[in-house]
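Residue numbers (my numbering): 62 to 120.
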Amino acid sequence: MDHRLLEIVACPVCKGKLTFDKVNQELICKLDRLAYPIKEGIPVLLEPEAREMSIEEGR
Ligand SMILES: [Zn+2]
Numbered sequence: 062m063d064h065r066l067l068e069i070v071a072c073p074v075c076k077g078k079l080t081f082d083k084v085n086q087e088l089i090c091k092l093d094r095l096a097y098p099i100k101e102g103i104p105v106l107l108e109p110e111a112r113e114m115s116i117e118e119g120r
């Protein structure tokens, strides 16, 4: 994924910064513990599409 894209994407819930998870190809909001999927290289920044992460994953 394009690193410049990471600088402009923000969590739609808290408007915070997102972390890119290379392994799972997801964008993670640590604050909300939500993982947004990346479909065909395009981040899907929609709360209903996001996966809720377990407490252990959020570490
Ligand atoms: Zn958030």
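All C-beta atoms in this analysis are idealised placements derived from N, C-alpha and C, irrespective of residue type, glycine included.
In the assembly as shown, P104 is a buried residue. Its beta-carbon has 16 or more other beta-carbons within 10 Å. Around the beta-carbon of E113, fewer than 16 other beta-carbon atoms lie within 10 Å, marking it exposed.
Classified as buried, E87 has 16 or more neighbouring CB atoms from the shown chains inside 10 Å of its CB. Taking every protein chain shown into account, the CB of C90 has 16 or more other CB atoms within 10 angstroms, so this residue is buried. When C-alpha distances from K100 are compared across E110, R65, R94, the shortest belongs to E110.
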